[in-house]
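Visitor: Numbering (the working numbering), first residue to last: 1 to 200.
One structure, as structure tokens, below. Some questions next.
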């Protein structure tokens, strides 16, 4: 793979696209500054519970054989995983959701890709956090928006790195890659539709 960032301009362009994607997700979800402020006001109430939430979420994750294999491959201890989750949870309630937060979240997504965490695990784990956190807060709508936004930013990191790999290792342009995805998807939908069709 020959992916290189050779100039400040390229780095700035990457950051711009990441931040723009995050802002688009905020608009789509309706995540406002008022929602973020509501979460900050919840922070003091939920803070004593965050370590327990992180522990239970980690234990739930480690019950998944695929997740356990990823954790072992990465050399991550349970204690370290709990600490990482707890720090993210603190930022979920206390963060400003600005550019630095976005870039840190995007980097976390890239690390997930690097160690082998797939989208299924990441999305289902966010559901675990939602189940744990919702009973603790009054501002449930704001929390759901925030969790969904965090997930959207990390999913974008997966999509972005896939695009880079296709572009730089295979030389496939984005337009052609999208066309290939469309053709393959349409074919698979047709095959699944044939099997899923209910006979009268």
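For each residue, glycine too, the CB sits at the ideal point set by N, CA and C.
1) From 189, 93, 175 and 153, pick the residue whose C-alpha is nearest to that of residue 27; which is it?
2) Given that a residue counts as buried once 16 or more other Cβ atoms are within 10 Å of its Cβ, and exposed if not, what is residue 151?
3) Given a cut-off of 8 Å on the beta-carbon distance, is the pair residue 57 and residue 129 in contact?
4) Tell me whether residue 97 sits in a helix, a strand or coil according to DSSP, three-state version.
5) Distance, Cα to Cα, residue 124 vs residue 109?
6) For the putative contact between residue 19 and residue 99, defined by C-beta atoms under 8 Å, what is the C-beta separation to the nearest angstrom?
7) Taking the alpha-carbon positions, what's the residue 105 to residue 81 distance?
8) Is the beta carbon of residue 112 sitting closer than 8 Å to the one on residue 122?
9) From 63, 118 and 107, pick the residue whose C-alpha is nearest to that of residue 14; which is it?
10) Buried or exposed for residue 96, please, with buried defined as at least 16 other CB atoms from any protein chain shown within 10 angstroms of its CB.
11) The alpha helix (DSSP H) that contains residue 209, what's its start and end?
12) By DSSP, does residue 31 sit in helix, in strand, or in coil?
13) Can you tell which of 62, 55, 72 and 24 has the C-alpha that lies nearest to the C-alpha of residue 148?
14) Which class does residue 139 belong to by DSSP, given the choice of helix, strand or coil?
15) Work out the CA separation of residue 115 and residue 159 for me, nearest whole Å.
Guide: By the coordinates alone:
1) Of the listed residues, the one whose Cα sits closest to residue 27 is 153.
2) buried
3) yes
4) coil
5) 15 Å
6) For a cut-off of 8 Å, the C-beta gap from residue 19 to residue 99 is around 5 Å, short enough to register as a contact.
7) When rounded, the distance between both Cα atoms is 16 Å.
8) Yes, the Cβ-Cβ distance between residue 112 and residue 122 is below 8 Å.
9) 107
10) exposed
11) This structure cannot speak to residue 209, because the chain is shown only from 1 to 200.
12) Of the three classes helix, strand and coil, the one that applies to residue 31 here is coil, per DSSP.
13) Of the candidates 62, 55, 72 and 24, the one whose C-alpha sits nearest the C-alpha of residue 148 is 24.
14) coil
15) 16 Å
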